[in-house]
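Just below is one structure, and these are the notes that go with it.
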Amino acid sequence: MIPTSTSDSLSIVSAYEKVKLLNAELREENTKLKDQNNFLQNQHYQLAHDLKGPLRNQQVLLSMCNLDNTDEVVQHLKRSISQMEVLVRHNLAVNKSSGGNSLTTAIELEKVMADILTLLKGIISYYKVSIQADFAKAPSIFYQPLELQSILYNLIHNAIKYRHPNRPPQINVSSSFEGKYVCLKVKDNGQGMHLKSDSPSMLDKCTQLDTSQEGHGLGLYLVKEFLELRGGKIEVETAPEVGSTFCVFLQPQT
Numbered sequence: 001m002i003p004t005s006t007s008d009s010l011s012i013v014s015a016y017e018k019v020k021l022l023n024a025e026l027r028e029e030n031t032k033l034k035d036q037n038n039f040l041q042n043q044h045y046q047l048a049h050d051l052k053g054p055l056r057n058q059q060v061l062l063s064m065c066n067l068d069n070t071d072e073v074v075q076h077l078k079r080s081i082s083q084m085e086v087l088v089r090h091n092l093a094v095n096k097s098s099g100g101n102s103l104t105t106a107i108e109l110e111k112v113m114a115d116i117l118t119l120l121k122g123i124i125s126y127y128k129v130s131i132q133a134d135f136a137k138a139p140s141i142f143y144q145p146l147e148l149q150s151i152l153y154n155l156i157h158n159a160i161k162y163r164h165p166n167r168p169p170q171i172n173v174s175s176s177f178e179g180k181y182v183c184l185k186v187k188d189n190g191q192g193m194h195l196k197s198d199s200p201s202m203l204d205k206c207t208q209l210d211t212s213q214e215g216h217g218l219g220l221y222l223v224k225e226f227l228e229l230r231g232g233k234i235e236v237e238t239a240p241e242v243g244s245t246f247c248v249f250l251q252p253q254t
């Protein structure tokens, strides 16, 4: 065995520590890249999913068109198409940015709700949906605008999609402060779910709550993913033949 000096031993230890540090930095960068890839993938899912609603809305509006209401339907179609353009431009802008660090700003919930009602005007009218909104307890939040719209849009669209076949759809939307969170609550009188059997997979990607309905089950999955990305969470209370209440806990982004 060749004896080593103290300086040689220290050099070996120093080199070993540098390798450990470099490996740790490499793992951290790999984690960041994985998170960024997941974020961008979810943005593509969001765009594809959120465009389906306005397209369906336009189909319904066109089916309701007659000589007496042509101008009104055309105006609704124009607004719906404008919203679709916003969604596409937002998706392109996000893909050029760095992962989840997209712009946040102060948002009035009433404005978000108005945009969603425009997007869903056709199916709201077609299914005679009653929607009540009360944001008095928490009227605004500092958040990412299109992400917040996508979250609330998906919950309301989900409530309409899984409406009860034997009663007029009713949806109540409200907001409140819950500790560090702003809580958005969407309550419906729809079909409801068997929570014990449905809850383990209801927020998984491409899982449908009702296989008789069209779609790929991305809505709730996207809500969950966007919330967790921003430090939020989602809870649900539901009962078959009674309806569901989704509570979205948004962590303000400062």
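For the sequence shown, full-length UniProt numbering begins at 1 and goes up steadily by one. For glycine and all other residues, C-beta sits at the position ideal for the given N, C-alpha and C. Remember, predicted model here, so these are calculated numbers, not experimental data.
- Three-state secondary structure assigned by DSSP to GLU241: coil
- Task: Give the straight-line distance between the Cα atoms of GLU29 and PHE246, rounded to the nearest whole angstrom.
- Result: 35 Å
- Secondary structure of ASN189, DSSP reduced to three states: coil
- If you compare alpha carbons, which of ILE107, PHE226 and PRO252 is closest to TYR181? PRO252
- Item | DSSP beta-bridge partners of THR105 | TYR143
- Measure the C-alpha to C-alpha separation of residue 268 and LYS137 and round it to an integer number of angstroms. Absent from the model: residue 268. The displayed extent of the chain is 1 to 254, so no value can be given.
- Which residues in the same chain as PRO168 place their Cβ atom closer than 7 Å to its Cβ, once the five residues preceding and following it in sequence are excluded? Scanning its chain for C-beta atoms nearer than 7 Å, with the 5 sequence neighbours on each side dropped, one finds around PRO168 the residues LYS128 and SER130, in chain order.
- Query: Do GLY122 and TYR162 have their CB atoms nearer than 9 Å?
  - Reply: no
- Message: Measuring only the C-alpha atoms, how far is ASP134 from ALA24?
- Response: C-alpha of ASP134 to C-alpha of ALA24: approximately 49 Å in a straight line.
- Alpha-carbon to alpha-carbon, LEU184 and MET193: 20 Å
- Task: May I ask you to report which of helix, strand or coil DSSP gives TYR181?
- Result: Three-state DSSP puts TYR181 in a strand.
- Item | DSSP bridge partner residues for SER176 (one or two, in chain order) | CYS183
- Message: By alpha-carbon positions, which one of LEU103, TYR143 and SER125 ends up nearest to VAL112?
- Response: Among LEU103, TYR143 and SER125, the Cα nearest to that of VAL112 belongs to TYR143.
- Residue(s) in a DSSP beta bridge with ILE171: Checking the DSSP bridge columns, you'll see ILE171 partnered with ILE131 and ASP188.
- Message: Let me confirm a value: ILE160 is counted as buried when at least 16 other C-beta atoms fall within 10 Å, else exposed. Which label applies?
- Response: buried
- Query: Which class does LYS137 belong to by DSSP, given the choice of helix, strand or coil?
  - Reply: coil
- Exposed or buried, GLY179, counting other C-beta atoms within 10 Å across all chains shown (16 or more means buried)? exposed
- Query: Thinking C-beta only, is LEU117 closer than 9 Å to VAL223?
  - Reply: no
- Task: Output the distance between the C-alpha atoms of ARG27 and VAL19, rounded to the nearest integer angstrom.
- Result: Rounded to the nearest angstrom, the two C-alpha atoms are 12 Å apart.
- Message: Less than 9 Å between the beta carbons of residue 260 and THR105, yes or no?
- Response: Only positions 1 to 254 of the chain appear in this structure, which leaves residue 260 out of reach.
- Query: So what's LEU250 in DSSP terms, helix, strand or just coil?
  - Reply: strand
- Query: Any heavy atom of the ligand ZN closer than 8 Å to the Cβ of LYS233?
  - Reply: This structure lacks the ligand ZN; in fact it carries no ligand of any kind.
- Name the residue from SER11, SER175 and VAL248 whose alpha carbon lies nearest to the alpha carbon of GLU108. Distance from the Cα of GLU108 is smallest, within the candidate group SER11, SER175 and VAL248, for SER175.
- Task: Pick out whichever of THR254, TYR221, GLU235 and LEU21 has its Cα sitting closest to the Cα of VAL186.
- Result: GLU235
- Query: What span of residues does the alpha helix (DSSP H) with GLY122 cover, start to end?
  - Reply: 121 to 126
- CB-CB under 6 Å to GLN170, same chain, minus the five flanking residues each way: which ones, in chain order? SER130 and ASN189
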